[in-house]
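The structure appears below as structure tokens.
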Amino acid sequence: MKNRRKTIRLIIYPVCTACCFSMLYVGNAYGMRNKYPMSSAGSGELVSVAKRGSLKKDSLRQDSAGGQKGWFSRYEAQKRNAALGSPDSVAMMEVYRSPYISLQQNLKGKVAGLYVQEPSGEPGTQQAMFLRGTSVPLFSKVDAMSTQPAVYINGVPVIENRAYSYSVKNNDVNPLGTATNLLAGLHLANIESIEVIKDPYELAKLGPLAANGAIWIVTRDGYKGGPNVTVDASLTASMASNGDVRMTNANDERNFRAGFYPEGTDLDRYLPAYLKDRTDPMFFGAPGWAEDYYNTPQLQYNVNASVGGGKGIANYLFSVGTATNEGMADNTDYSKYNIDFYLNMMPVKGLTVSTILQATKASRSRNNTLRDRYAEMEYFPSLATPVPPTTEGAGIYDSYLSGTDDKNDNMAINGSLSLNYVWKALRAGLSVKFDYETDVRNAFWPSTMMESMSYVSNYSGYNRRFIGDFHLGYDWDLENGHRLSFDVKGSMDQDRYHYNYSKGYDGDDDNKHSTKGGGFELFNFLDQEEVHFMNSSLDIAYRWKDYLSAGVVLRYDGATTVQSNHRWLFTPAAQAQWSIKHSLLENVSWLSRLDVFGSWARIERYLPSDRYGMGPQYTSENIGWSGSWISGSYNQYATATRPYTFGWVGFGVKWPYADKAEVGMRSSWLKDRLTLDFAFYSNRDKDLLVRMPVAHEFGYTGQYKQGMEITNRGVELSLTGKLVEQPGDGWQWSVGANFAFNHNELSALPGGLQQTEVDGRLLRVGEAVDRFYVLQNDGIYQSDAEVPVKDGKKMTVNGVEMKAGDPKWVDRNGDNKITDEDKVLKGHSLPKYTGGFSTQLKFKRFDLGASFFFAAGQSAMNYRAYQQYDFTTLDKGDNLAGVKEIFFWQSGNVPMDYPRYNALSEVHPYRADQDLYLEKVSYLKLRSVTLGYSVPTPKHDVYVYVSGNNLFTVSKFSGDDPELVDFDGYYRGYGMGIPRSVTLGVRCSF
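Okay, structure coming up:
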């Protein structure tokens, strides 16, 4: 039934989109002519941050002397898409031709210093971006959320989920609600430019939201002349990237485990029930589960259309789009619908009024893994018997899934209304901006799946951002080419995060899938955070011809997330740029550009929750009959609810902030045929909050203290070259590359401490915060005589003597006892080296391009291997680590060359915190290869292309894909493979 719905949707949705577009085109009015004409801009044109501000303030601009260009030039695919003076922009034609739906996916390897993490190929799932390293230790997904760069769409900062989406759960497997990647809903076909902002001075202008960097997106915001209708469509066939799946059964698992027991051991005494009876056809029969689980190849589509009109005192643009994305397994998918409207008017000379409205509706079908279901339910049935690997056994389980319900829907609308006025040297403007997002999930699992226990949950939440701002500027032209510019700005921002979450257990009717009725034992959670920000700033900029430019920004920010006596903070920023070419080397013909620049800024960091601004408070668990958490009690039950699981928050919490500095060089030679950009940066985040351990007698899990400092330093390099440029013969060949190195270091801890242990990871001053804290494994003791002896006693682990068949763990302190004091810091969960490489060859109307990206200096803890090897421990417990999914019956992604320790040993030989599972995860990927052709037509621009994506990976990693490592450096094997795909598409304008 589900596949039938997909087929119907594949046919109907594009047809509906085409009908809507046709009606829009028929009703399109011809452009108006007036004495205040607007200018044109190519659809692929990217503008730098410095120039974009003035362009966005006056969308009705003067025509260039060269006439007008259409949105989609016939040879747009073959243009060099580089921002004016910025190496940190994205070639938009690569985005338009890409089958990837999320912003993060389309930024992989494109910009130096930006590392994109995609831990699962499941459509619509959350992904992470790390710009110039991490500014916090990554203990949880809440920490990963707090390091994300801000995303701006036409100047509107996109609102993201808050940390509370994890706070009412006993785990952080998924946040509450749909857990959908909100940046997958962007209307990519309507984006004109994407620029990654890293410069401290530019980030200071954006304020605390941009403390981790910013992604600045500008969409097509009106009709700019030329063809007024565009249509693009693509069809993609995706398939599994991990090749043939080798399925296993209980006999394979039994034989694997037999090698860990001493010779002559009665295996049936220690094996679980499903591995004992070799006559059981469900477990020992021929495996066949993968045939229905891996649903590839899959077809997905992307259709977009836009129509624009007007010229002079008014113009508009209306666009619609729809796209689907199919997962390679478990019937997962994602679909979205976009509708955008832009209107620009000039009622009087100098005054422009602009309106932007963008709306998105997205839905996704989630995976059916046991882990995700148990994490949502917070209820564990018996895990003694996994799903059988045979076709019949897996089919029985699939029949139970047919009675489930898991709907995940998101809607978003954002936009702005702005008024801008220019009179001679005076500039002024007002704007209202908003972003609103809803998140609705309704889930139901019948009693047939969980020992007669049914479960239902309903989640409804919204995030709302409302911003009002103004600016007033004046340009003062002095003599001899000197200019001073003054800008006064201010804004007020109100963010509201609200949710209503209900869950129920043990209903009396599996046909009732809602918390309203059904006889469920219900538990309700309701919470809301409202945060207010206010800022004012003064920007002073100086320019002397093309020789020298400098600027200063003075900001004053306030936020309610900070405690009242520290709510306001003053922060400065400064920058300077010197053109050596124009000032000293004007007559050097082979040198086109040579600039040196530097900037410094202090930028506040927003706290991830309003808890810290509330002062002392308590959060506790397990004090009611249900055993569920009581969240955010705020001084209630102060003596009755210990332990306080969130941690103690004291007085005096103030603004964390970052001191950012950057120096570098931008250069080009041989009439801009070669460019080289180099930058060195230093980001030092200060007064960060960290939960410090306290004595158990206090009853708290820890105390939040300020004073942690983390430094990221690094080097970035961007290089482009036009190796062949013979327009007369039709040949062109260009290449581009970027490289980044990042060094992360913990510079200070609260109270002058040199180290502390938090959640099993050690923070030590002078070391990176993303290192693993593990025992060193040096092999296996082949005999009792090899075990070290000191003072007549053999080496021990937790008081247990080591014997033959036990692991050789390094005793670093020489006390002949293996304890946590013998652990060392090894590896890095984030890569130290990242980058990308692209090449494009053009001959007349044909173009052929390829892109690669890489990551190196990263390690991963193979937690999947731990779950495979530590069966003696995990078989005994009912927890998430012991869950065995259907893909438990699959080999090939777990190393088979680990030492075979004695499974009956009491020293826990296959414990997770050892470097036995630590692997290097360096990799190189061929991201895409694309062949395109511009069709010669007399009146229309038509471009067709075929693209292959995620074609191959070079890596020594033992897992399925080195990209499928989680944010904390653990490879858990849950990440769905990133599909390999082939896309056929067409773009046209008329």
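Position 560 (the sequence shown) corresponds to 849 in this note's numbering; numbering is contiguous. We put the CB at the ideal spot given by N, CA and C, even for glycine.
Of the residues G770, F669, T679 and I756, the one whose Cα lies closest to the Cα of S741 is F669. Excluding residues up to 5 positions away in sequence, Y725 and R785 lie with their Cβ nearer than 6 angstroms to the Cβ of R753 in the same chain.
Q587: member of the beta strand (DSSP E) spanning Q587 to G599, first to last residue. For A612, the enclosing beta strand (DSSP E) stretches over residues A603 to E615.
In this structure the stretch 758–771 lies against the stretch 702–717, because at least three pairs of beta carbons, one per stretch, are closer than 8 angstroms. Boundaries of the alpha helix (DSSP H) harbouring Q1157: Y1152 to Y1158, taken from the DSSP string. Excluding its 5 nearest sequence neighbours in each direction, L773 has C-beta neighbours in its own chain below 6 angstroms: W765 and Y831, listed in chain order. In the structure shown, the three-state DSSP call for Q783 is strand. Taking C-beta separations shorter than 6 angstroms and ignoring five residues to either side along the sequence, the partners of A1201 in its chain run Y1155, following chain order. Bridge pairing for E665: absent [DSSP]. For L715, the uninterrupted beta strand (DSSP E) segment begins and ends at L715 to W734. Around the C-beta of M1185, fewer than 16 other C-beta atoms lie within 10 Å, and the residue is accordingly described as exposed. Fully enclosed beta strand (DSSP E) runs of no fewer than 3 residues occupy 640–654 and 694–712 of the stretch 633–714, in order along the chain.
By the beta-carbon neighbour count (other beta carbons within 10 angstroms, threshold 16), E1110 is exposed. In the DSSP assignment, D581 falls within the alpha helix (DSSP H) that extends over A579 to Y582. Linking R856 to M823 through their CA atoms gives a straight-line distance of about 10 angstroms.
Here W879 is exposed: its Cβ has fewer than 16 other Cβ atoms, across all protein chains shown, within 10 Å. Under the 10 Å beta carbon count, W937 is surrounded by 16 or more other beta carbons and is classified as buried. Note: R882 is bridge-paired with S957 in the DSSP secondary-structure output. Listed in chain order, the non-local C-beta contacts of G808 below 6 angstroms within the same chain comprise G796 and D797, local neighbours out to five positions each way being set aside. In this structure, the straight-line span from the alpha carbon of I442 to that of R730 is close to 26 angstroms. Ranked by Cα distance from F814, the first of S456, D846 and V1254 is S456. Residue environment for S888: buried (at least 16 other C-beta atoms within 10 angstroms of its C-beta). Secondary structure at H771: strand, using DSSP grouped into helix, strand and coil. Ranking N656, D581 and F549 by CA distance to the CA of N463 puts N656 first.
The C-beta separation of T1123 from A1144 comes to about 5 angstroms, placing the pair in contact by the 8 angstroms criterion. In the three-state reduction of the DSSP assignment, D557 falls in the helix class. By the C-beta density criterion, A529 is buried, having at least 16 other C-beta atoms within 10 angstroms. Residues N443, G444, V445, S643, T644, I645, S720, V721, K722 and F723 of the same chain have their beta carbon placed closer than 8 angstroms to that of S705, with the five preceding and five following residues left out of the count. Only residues of its own chain outside the window of five on either side were considered, and among them F428 have a CB closer than 6 angstroms to the CB of D1048, listed in chain order. Q1157 places its beta carbon 8 angstroms or farther from that of S1211.
For N1031, the enclosing beta strand (DSSP E) stretches over residues W1020 to A1037. DSSP places F573 in the helix class (H, G or I) of the three-state scheme. DSSP places M381 in the helix class (H, G or I) of the three-state scheme.
In this structure, DSSP gives R856 a state outside helix and strand, which the three-state scheme calls coil. The alpha carbon of Y1062 has as its nearest neighbour, out of F1177, D432, R1053 and I1069, the alpha carbon of R1053.
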